[in-house]
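Asker: What follows is a single structure, and I will ask about it in a moment.
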Amino acid sequence: MGLFDQPLNEIRAYIDGKYRDGLARELPFTPVIPRADSTQVILSEDTGLELGNPGMASRSLLLWDSGDGLADGRITLVGPDFPESDSASLPFAQVLIVGGDFSDEYDCYRDLRDATYNIRLRGFMTRVFPGRQSIWCRVSKEALAGGFSAQILGSSLIQALKQLDFVRGAEVLMVTSSKGDVDELAGPADKVLDIVEALIKMYEEMNFDCEECEYVEVCDEVVELRQIRERLKTEREGKE
Amino acid sequence: MAEAERTRVNKVVAVCGKGGVGKTTISAILSRLLSEDAIGRVLVVDADPAVGLGMALSRFPERTVNDVRKEIISTVREHSTDSMDLAASVDYKMMEIVMESGNLGFLSVGRPEEEGCYCQLNTLLREAIETLSSHFDLTLIDAEAGVEQVNRRVMRSVSHLLLVSDSALKAVRVAESIRKVADDAVNYRKLGLLINRARGEEDARQLASRTDLPLLGWIPEDDTVREFDAEARSFLEIPSCPALEAVRSHILESGFLSD
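Going down the list, the protein sequences come from chains A and B. The opening residue of the first sequence carries number 1 in the working numbering; numbering runs sequentially from there. The opening residue of the second sequence carries number 241 in the working numbering; numbering runs sequentially from there.
Printed below as a string of structure tokens:
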């Protein structure tokens with residue numbers, strides 16, 4: 001059992017369905033990635049393509065498990081690739097599925113976010129708003145003209161994740177086709193958000209009074225969260 | 241300009257001085273000149289809680305830095321958030337509130353809220369402004385009054401301190417006291433005094449002789465400026481006029497911003 005079993009199953013069904021309907025394509029993972037020295041800020045005048053900007057549909061999800069059902073290295077794109085876009089702005093969903101050994105779920109989650117929030121690619125700006133699961137990216141005109149694509153972004157994300165020693169494999173789904181296709185991910189996304197917020201609360205607040213906790217229903221539903229809570233509670237009582 | 245060159249330490253100009261001396265007008269005229277200048281990308285920051293610069297430039301952002309601060313506090317209260325997500329959220333929202341037009345970006349700091357202590361969030365907000373600023377060639381800050389406010393709420397590093405005074409000696413004394421604070425608070429490279437609404441060169445020289453602040457020049461009273469103020473017209477459209485040409489001469493052509 002894993003923390004994200006239910007939303008992961010739903011996302012895998014989404015990916016399978018898109019492949020089945022001929023709406024998804026697989027892009028090859030290419031490990032050589034040009035990196036920028038610092039966090040990128042791309043101004044609108046320099047922007048060739050915006051993905052998931054605050055006026056568009058946008059989702060950013062990060063899920064992990066032991067990696068049994070993982071298609072390691074697979075980059076799935078639903079919709080136009082960045083250089084193919086007719087529009088200067090596209091809806092965007094980015095789903096990262098990671099497989100590995102997560103002995104401390106929260107520490108691992110921090111490392112996973114650190115690796116992916118701070119992705120530094122020349123000519124590519126990314127901003128995430130975790131509370132809304134939004135992601136907003138800008139690809140510069142220069143980078144777009146130079147061939148910056150979903151394959152480069154996907155490969156870079158997989159590469160960043162695989163540099164973590166507890167990660168065995170990673171898979172990326174990107175959706176650029178329509179608001180409808182992005183919104184189809186709302187169901188699993190809501191579950192991911194609930195689970196992640198419950199996890200953060202357990203570690204950050206160290207409050208195990210379930211009667212007072214707004215995430216009690218989430219813990220009741222996700223066995224793995226209850227196990228983490230019990231482990232933390234025991235550890236804390238041992239310290240007192 | 242190539243992207244590789246973009247992430248460099250830019251010039252950060254803070255316009256400071258006693259209330260009512262015309263800091264916002266000078267900032268607005270300078271914004272107008274910089275919008276056409278070859279200096280590159282300019283981030284204009286309205287750090288005065290009165291948000292006068294936004295009005296002078298007809299930039300009315302829906303949200304300010306302080307609104308972002310309130311939104312984040314509200315999010316943290318409603319959802320479990322850790323420091324990593326907090327920092328990411330600040331970066332996202334700061335990018336959202338920059339009004340971009342041509343080579344100008346505009347950011348309004350808004351009215352400060354003193355309620356509660358959110359030191360970590362305030363630091364994140366300031367760092368987000370600094371990160372943003374580093375991608376512009378020049379950042380122009382219309383300050384509330386003194387440089388300590390800029391240092392605390394907007395930027396830790398100010399490279400050019402533009403002190404504005406009018407013809408009153410009291411305003412020059414305030415400029416001197418701002419320099420004194422700046423000597424401790426920020427590591428500025430250049431500093432100069434601009435005398436606004438001076439009656440003439442002699443008037444400006446006499447006033448300048450009573451201070452050791454280096455005089456950059458003086459700005460005359462100008463009917464065009466008065467008219468743009470009275471009609472609430474955007475200073476980004478102000479035509480050539482004596483005040484505009486004086487700002488051009490004393491700030492841009494004098495080499496004050498050249499290093």
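Think of the CB as a built atom: it goes at the ideal place given N, C-alpha and C, for glycine as much as any other residue.
1) Determine contact between the region 122-139 of chain A and the region 228-238 of chain A, defined as no fewer than three beta-carbon pairs at a distance below 8 Å.
2) Between which residues of its own chain and D406/B is the CB-CB distance below 6 Å, once the five residues before and five after are set aside?
3) Can you give me the C-alpha to C-alpha distance between Y332/B and F129/A, rounded to a whole angstrom?
4) By alpha-carbon positions, which one of G345/B, Q389/B, D377/B ends up nearest to R366/B?
5) Using a Cβ-Cβ distance cut-off of 7 Å, determine whether L43/A contacts chain B.
6) Determine, using beta-carbon pairs with one atom in the region 336-345 of chain B and one in the region 218-226 of chain A, whether at least three such pairs fall under 8 Å.
7) Hey, would you say G280/B sits closer than 7 Å to D377/B, going by beta carbons?
8) What does I200/A reach in chain B if we use C-beta pairs closer than 8 Å?
9) Counting along the chain, where does the alpha helix (DSSP H) carrying F241/A start and finish?
10) DSSP beta-bridge partners for S140/A?
11) If I follow the unbroken alpha helix (DSSP H) through P7/A, where does it start and stop?
12) Report the residues of the region 249-260 of chain B with a CB closer than 8 Å to any CB of chain A, ordered along the chain.
13) Kindly provide the ranges of any alpha helix (DSSP H) runs that are 4 or more residues long and lie completely inside the region 397-456 of chain B, ordered along the chain.
14) Report the three-state DSSP secondary structure of P460/B (helix, strand or coil).
15) Give the straight-line distance between the Cα atoms of A296/B and L274/B, rounded to the nearest whole angstrom.
16) Quick one: grab the DSSP three-state call for L484/B.
17) With DSSP run on the structure shown, which of helix, strand or coil describes F166/A?
18) Where in the region 315-357 of chain B do unbroken runs of the alpha helix (DSSP H), each at least 4 residues long, occur, reported from the N-terminal end onward?
19) Report the option in A368/B, L433/B, V255/B, R351/B whose CA atom is closest to the CA atom of K310/B.
20) Bridge partners of S156/A, per DSSP?
21) Which one or two residues does DSSP pair with A237/B in a beta bridge?
22) Need the endpoints of the beta strand (DSSP E) that L77/A sits in, please.
23) Among residues of its own chain, excluding the 5 on either side of T247/B, which ones have a beta-carbon nearer than 7 Å to its beta-carbon?
24) Where does Q446/B land, buried or exposed, given buried means 16+ other C-beta within 10 angstroms?
25) Going by beta carbon distance, what residues of the same chain come within less than 6 Å of Q163/A, once the five residues before and after it are set aside?
26) Can we say the region 16-34 of chain A touches the region 55-63 of chain A, given the rule of at least three CB pairs closer than 8 Å?
27) So, with DSSP's three-state summary, where would you put M295/B?
28) Rounding to the nearest angstrom, what Cα-Cα distance links P91/A and G79/A in this structure?
29) From the DSSP output, read off the bridge partner residues of A93/A.
30) If you reduce the DSSP assignment to three classes, tell me which class I135/A lands in.
31) Around the C-beta of A268/B, are 16 or more other C-beta atoms found within 10 angstroms, so that it is buried, or is it exposed?
32) Given a cut-off of 7 Å on the beta-carbon distance, is the pair L27/A and Q151/A in contact?
33) Given G2/A, which residues of its chain have a CB within under 8 Å of its CB, disregarding the five upstream and five downstream residues?
34) Any C-beta of chain A sitting closer than 7 Å to the C-beta of A328/B?
35) Taking Cβ-Cβ distances shorter than 7 Å, what residues in chain E pair up with F148/A?
36) Quick one: is M241/B buried, meaning 16 or more other Cβ sit within 10 Å of its Cβ, or exposed?
Answerer: Reading from the atomic positions:
1) With the cut-off at 8 Å, the region 122-139 of chain A and the region 228-238 of chain A do not touch.
2) Start at 1 with the first residue of the second sequence, and residue 406/B comes out as number 166. Apart from sequence neighbours up to five positions away, the residues of its chain that approach D406/B with a beta-carbon distance below 6 Å are V261, N436, R437, ordered along the chain.
3) Numbered from its first residue, the second sequence carries residue 332/B at position 92. Numbered from its first residue, the first sequence carries residue 129/A at position 129. Their Cα atoms are separated by approximately 6 Å.
4) For the purposes of this step, residue 366/B is taken as the residue at position 126 of the second sequence. When the alpha-carbon of R366/B is set against those of G345/B, Q389/B, D377/B, the nearest one is in Q389/B.
5) Translated into the one-based positions of the first sequence, residue 43/A becomes position 43. So, interface residue.
6) With the rule of 3 Cβ pairs closer than 8 Å, the region 336-345 of chain B does not count as touching the region 218-226 of chain A.
7) One-based indexing of the second sequence puts residue 280/B at position 40. One-based indexing of the second sequence puts residue 377/B at position 137. The criterion of a C-beta distance shorter than 7 Å is satisfied by G280/B and D377/B.
8) Sequence index remark: in the first sequence, residue 200/A carries index 200 (1-based). Scanning chain B for C-beta atoms nearer than 8 Å to the C-beta of I200/A yields S320, T321, D322, D325, reported in chain order.
9) The structure shown has nothing for residue 241/A, since chain A only spans 1 to 240.
10) If you number the first sequence from 1, residue 140/A lands on position 140. Paired residues: T47/A.
11) Residue numbering aside, residue 7/A sits at position 7 when the first sequence is read from its first letter. For P7/A, the enclosing alpha helix (DSSP H) begins and ends at 5-20.
12) Cβ contacts with chain A: none found.
13) Restricting attention to alpha helix (DSSP H) runs no shorter than 4 residues, the region 397-456 of chain B encloses them at 409-425, 441-448, ordered along the chain.
14) One-based indexing of the second sequence puts residue 460/B at position 220. Three-state result, P460/B: strand.
15) Walking along the second sequence from the start, residue 296/B turns up at place 56. Walking along the second sequence from the start, residue 274/B turns up at place 34. Distance between the alpha carbons of A296/B and L274/B is about 15 Å.
16) Locating residue 484/B in the second sequence gives position 244, counting from the first residue. In the displayed model, L484/B falls within a helix according to three-state DSSP.
17) Mapped onto the first sequence, residue 166/A falls at position 166. Secondary structure of F166/A (DSSP, three-state): coil.
18) The qualifying runs are 323-337.
19) Along the second sequence, one-based indexing puts residue 310/B at 70. Distances from the CA of K310/B to each of A368/B, L433/B, V255/B, R351/B were compared; the closest alpha carbon is that of R351/B.
20) Taking the first residue of the first sequence as position 1, residue 156/A is located at position 156. Paired residues: none, contrary to the question.
21) In this structure chain B extends from 241 to 499, so residue 237/B is not present and cannot be described.
22) Residue 77/A sits at position 77 when you count from the first residue of the first sequence. Residues 75-78.
23) One-based indexing of the second sequence puts residue 247/B at position 7. Any answer about T247/B is weak, because its pLDDT of 42 lies below 50 and its placement is not dependable; what the coordinates show is given next. The beta carbon of T247/B is closer than 7 Å to those of S374, H375 in its chain, skipping five residues each way along the sequence.
24) Within the second sequence, numbered from 1, the residue matching residue 446/B stands at position 206. Q446/B is exposed by the Cβ-count criterion.
25) On the first sequence, position 163 is the one that residue 163/A refers to. Closer than 6 Å at Cβ, skipping near neighbours: no residue.
26) Taking 8 Å as the limit for Cβ pairs, the verdict is that the region 55-63 of chain A does not touch the region 16-34 of chain A.
27) Counted from its first residue, the second sequence places residue 295/B at position 55. The answer is helix: DSSP assigns M295/B an H, G or I state.
28) The count along the first sequence starts at 1 and reaches residue 91/A at position 91. The count along the first sequence starts at 1 and reaches residue 79/A at position 79. Looking at the backbone, the Cα of P91/A and that of G79/A are separated by about 10 Å.
29) Taking the first residue of the first sequence as position 1, residue 93/A is located at position 93. Residue pairing of A93/A in beta bridges, as defined by DSSP: R59/A, V175/A.
30) The residue you call residue 135/A lines up with position 135 of the first sequence. I135/A falls in the strand class under three-state DSSP.
31) Locating residue 268/B in the second sequence gives position 28, where the first residue counts as 1. Under this definition A268/B is a buried residue.
32) Here residue 27/A corresponds to residue number 27 of the first sequence, with the count starting at 1. Here residue 151/A corresponds to residue number 151 of the first sequence, with the count starting at 1. For L27/A and Q151/A, yes; Cβs fall inside 7 Å.
33) Translated into positions along the first sequence, residue 2/A becomes position 2. The beta carbon of G2/A sits closer than 8 Å to the beta carbons of L8, W64, D65, S66, E224 from its chain, once the five residues preceding and following it are set aside; these are given in chain order.
34) On the second sequence, position 88 is the one that residue 328/B refers to. With a threshold of 7 Å between beta carbons, A328/B makes contact with chain A.
35) In the displayed structure, chain E is absent; the protein chains listed are A and B.
36) Position 1 of the second sequence, counted from the first residue, corresponds to residue 241/B. With a pLDDT of 41 at M241/B, under the threshold of 50, the predicted position of this residue should be treated as unreliable, and no value is reported.
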